[in-house]
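Protein chains in written order, with our numbering: chain A, 1 to 107; chain B, 108 to 229.
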């Protein structure tokens, strides 16, 4: 199975800050990476797929980049509604696997 | 709008089975794969497998092989996931999610159902 490792596991930031979350795959996954946002008590929401393509309706302050085994999710200017847990996910091979999550908290 | 509505919470005893349903609306049910995932309390996300509603073909994660069965009823646009031989480790919120792509599988999940809490306790 492909192991997905996110860093940091948690981060504290303020409204307006720029935040970057990193996801590392245990083997090459090309561009088969997605990012999800999950708020407490809710289902995850697809933010970005194929490494860098923004899902319809997702604000442009979210962006994704990377290739091979290292990927990043960047939020350019944090808004109050962005405080949540973020997961990366690979779809390169079965079984589909997720990172352990990064909790983004208000400083 | 595209929506997946899941069945309600369940409480089961160890060794029992549970079936969770996922009713789709707002799109042609047979055009998109349905995935099943779960999330244990306070934990991350785990993919269990998919079903192709058009044909009934399935693909299960090896971890769940022999214990999970995914089916569908196209007449009512509903997918089902049955998990047998439950243990306390199966206590989790179970989600269905539609594959992002029409026709072929790609492995991005959007949208998701609201989740179904399955509690396994003696």
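Glycine is no exception: its CB is placed at the ideal position from the N, C-alpha and C atoms.
{"Query": "Spatial neighbours of residue 63 of chain A in its chain, beta-carbon cut-off 6 Å, leaving aside the 5 residues before and after", "Result": "74"}
{"Query": "Distance between beta carbons of residue 43 of chain A and residue 220 of chain B, contact taken as under 8 Å", "Result": "7 Å"}
{"Query": "Straight-line Cα distance separating residue 130 of chain B from residue 112 of chain B", "Result": "5 Å"}
{"Query": "Classification of residue 101 of chain A by the beta-carbon crowding that lies within 10 angstroms, buried from 16 upward", "Result": "buried"}
{"Query": "The segment 42 to 57 of chain A / the segment 196 to 216 of chain B touching (three or more Cβ pairs under 8 Å)", "Result": "yes"}
{"Query": "Beta-carbon neighbours of residue 97 of chain A, restricted to chain B and to distances below 8 Å", "Result": "154"}
{"Query": "First through last residue of the beta strand (DSSP E) which encompasses residue 157 of chain B", "Result": "152 to 158"}
{"Query": "The ligand SAM heavy atom lying under 7 Å from the CB of residue 132 of chain B", "Result": "Judged by which ligands are present, the structure shown has none, so any question about the ligand SAM falls away."}
{"Query": "Residue closest to residue 181 of chain B, alpha-carbon to alpha-carbon, out of B:201, B:150, B:218 and B:159", "Result": "B:159"}
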